[in-house]
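Undergrad: In the UniProt record's numbering, the protein residues as written are 1 to 218.
1) Taking 8 Å as the CB-CB limit, is residue 167 close to chain B?
2) Select from 51, 52, 57, 50 the residue whose C-alpha is nearest the C-alpha of residue 43.
3) I'd like to check one pair, residue 152 with residue 171: are the Cβ atoms closer than 8 Å?
4) On the DSSP bridge assignment, give the partners of residue 156 in chain order.
5) Under 8 Å by Cβ, that's how I've got residue 60 and residue 21 pegged, so tell me the actual separation to the nearest angstrom.
6) Work out the CA separation of residue 92 and residue 47 for me, nearest whole Å.
7) For residue 174 and residue 148, I'd like the C-alpha separation in whole angstroms.
8) For residue 16, tell me which candidate among 71, 62, 120 has the shortest Cα-Cα distance.
9) Going by C-alpha to C-alpha distance, which of 205, 31, 192 sits closest to residue 116?
10) When the Cα of residue 39 is compared with those of 27, 50, 63, 29, which residue comes out closest?
11) Buried or exposed: residue 203, going by 16 or more other Cβ atoms within 10 Å of its Cβ?
12) In three-state DSSP terms, what is residue 44?
13) Report the three-state DSSP secondary structure of residue 252 (helix, strand or coil).
14) Measure the CB-CB distance between residue 164 and residue 190 and report whether it falls below 8 Å.
15) Give me, in chain order, the residues of the same chain whose beta-carbon lies closer than 8 Å to that of residue 108; leave out the 5 immediate sequence neighbours on both sides.
16) According to DSSP, which residues form a beta bridge with residue 175?
17) Is DSSP giving residue 60 helix, strand or coil here?
18) Which value, in whole angstroms, describes the spacing of the CA atoms of residue 192 and residue 201?
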């Protein structure tokens, strides 16, 4: 009796492999060219919807024999784990957020025709970008809230630009002997006609922001 070892199940589906290696081709007006896809290596392949991912997978299996290793390494670099595969839509959104935040660009930049034309990122709307950033803010707030000790210091940094006054609020505390100063808030202090930059206005701002966002009291 001969024992036959069954081959292991593939780590990724054809849809995930195709999504990792291929992007839709676009013309000079930034319009998608139907049924044509460009691989990371530059090869263009035609793929009709009725054939699934067969033509794209043939190219990957022939030209990118180490595709599983490449995808696992990419996943580990981005998530710190090889167990989860990042959706392309999330990776694309992250790319737009990094570009716009680090270059101090307006959110509407993602809808610029030229930005879309000369970028490898897929187009998204300003509303989608804003929703993604709001989600990141809430996730960061939850992370800071879970780490904040019962007692911590507050450091303020205020500045005025034109007729608008801003205040940044930092928490100050130690974790295992290491100083932590996370940014809790950066917002306008003057929102109403009668608002001012007095100490009382700062206290009112803190009394509203701290319990609302971090469950902390003055």
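Backbone N, C-alpha and C define an ideal beta-carbon position, used for all residues, glycine too.
A quick note: this is a predicted structure, and the numbers were derived from the prediction, not measured.
TA: Well, looking at it:
1) In the structure shown, chain B cannot be found, because there is only a single protein chain.
2) When each option's Cα is compared against that of residue 43, the closest is 57.
3) yes
4) 169
5) 6 Å
6) 22 Å
7) 9 Å
8) 71
9) 31
10) Residue 63 is the option with its Cα nearest to residue 39.
11) Around the beta carbon of residue 203, a 10 Å sphere encloses fewer than 16 other beta carbons of the protein chains shown; the residue is thus reported as exposed.
12) strand
13) Residue 252 is absent from the model: the chain starts at 1 and stops at 218.
14) yes
15) Cβ within range, chain order: 126.
16) 178
17) helix
18) 11 Å
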